[in-house]
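Note that the working numbering numbers the sequence shown so that position 213 is 222, with each residue one more than the last.
We put the beta carbon where it would ideally sit given N, CA and C, even for glycine.
Notes follow the structure.
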Amino acid sequence: MDLFGRLKAILFSPKEEWQVIEAENPTQAETIRYLSILILITSALFFFSFWTTWHPYFSMISNSLLKTDYTRTATLVALGIVVLSTVLIIFFTILCNYLAAIIINALSDQFGASKDFNKVFSLLGYSSTPMCIVGILSLWTPLLFLSWLLGIYVIYLLYLGTKLLIKPDTGKQVGYVIMSIVVWMVSYGIILKVIMVILSEMNASMFNSAFGH
């Protein structure tokens, strides 16, 4: 299925789409490509929104206060930050899902489910879809209140996917979902801490290099 078809289906008819995903049994490369494209789209929209909003102010400050036009330099710096941030976010998102999938898969037999890393990785990857939507909603402040609803929807997708893909024992499905959420959140917490430190250092270095400080 094409990316936008899958995006629409996983959001609006998730039960049926998990059945399609189970039948297709996507490879890890297909899941990674799906996540990467969603992150790229979100990053491109963010850059467009940020720059159309703040570009006039950069130009005004450059010309009136600094007496020099730094607009082109600022554009290149902002674009560079967005590109590097996007690459890092894709890398660490995939890394986080791999880490979480390894742990969750190792614990699967405790819940009466067969170990299948590819299915666990697909479960986490496609359940992440609403989080990419949150990134898009953040571009328009009035829609941010929907973020917590999409967070709950991630849990719902995870529950449906667990039931249809992983198939733990009936009485252990909720326990499997809770375990998956805890492992996933801890993995994201660790990776987020690392990425924030790296991005902070990288952004400071690029700004200093561009403006000679």
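- Val186 sits close to Leu167, with the two beta carbons spaced by under 8 Å.
- Pairing Ile99 with Thr179, the inter-Cα distance amounts to about 34 Å.
- Secondary structure note for Gly180: it is in no alpha helix (DSSP H), with a DSSP letter that is neither H nor E.
- Segment contact: the stretch 27-37 against the stretch 125-143, three or more CB-CB distances shorter than 8 Å; contact assigned.
- Following the DSSP letters along the chain, one finds Ala32 inside the alpha helix (DSSP H) bounded by residues Pro23 to Glu33.
- Cβ atoms of Lys181 and Phe120 come within 8 Å of each other, at about 4 Å.
- Residues Ile19 of the same chain have their beta carbon placed closer than 6 Å to that of Thr138, with the five preceding and five following residues left out of the count.
- The beta carbons of Tyr197 and Cys105 sit about 5 Å from each other, so the pair counts as a contact at 8 Å.
- Spanning the alpha carbons of Leu201 and Tyr165 requires a straight line of approximately 23 Å.
- Looking only at Leu49, Ala53, Ile207 and Thr171, the smallest Cα-Cα distance to Ile30 is reached by Thr171.
- For the options Ile103, Lys176 and Arg15, the alpha carbon positioned closest to that of Ile204 is the one of Ile103.
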